[in-house]
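One structure below.
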Amino acid sequence: MFFFVETNALGGSTNSVLHLIAMGHAADVPITLQDFQEISDRTPYIADLRPSGKYLMADLQSIGGTPAVLKYLLSLGN
14 MFFFVETNAL GGSTNSVLHL IAMGHAADVP ITLQDFQEIS DRTPYIADLR
64 PSGKYLMADL QSIGGTPAVL KYLLSLGN
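In this text, residue positions in the sequence shown follow the numbering used here: the first is 14, and each later residue adds one.
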């Protein structure tokens, strides 16, 4: 579920929920909307990325990208 935590923290697409539920179904892993809500409730929003935000994904990449985001979230206990 790290993918969703990072997506949520970066303000990513809500379509990720639909895709992850579909992948879970295909792999016989039960995932529900409630699971995503619980993750969302405890995950901080840490980025202001486009299309509606100020920064580009290239800006995130220049400060360490996904590994930096995950390291930061883990340091917060998420």
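We put the CB at the ideal spot given by N, CA and C, even for glycine.
ask   = To the nearest angstrom, how far is it from the Cα of G66 to the Cα of G37?
value = Rounded to whole angstroms, the separation of the alpha carbons of G37 and G66 is 30 Å.
ask   = Which one of A39, I44, A40 has the shortest CA to CA distance from F17?
value = Answer by Cα proximity: I44.
message = By alpha-carbon positions, which one of L46, I52, S75, A40 ends up nearest to T20?
response = Looking at the Cα atoms, I52 is the closest of the given residues.
ask   = What is the DSSP secondary structure of L87, reduced to helix, strand or coil?
value = Helix at L87.
query = Going by the CB atoms, is the gap between L62 and M70 shorter than 8 Å?
reply = Yes. Within cutoff.
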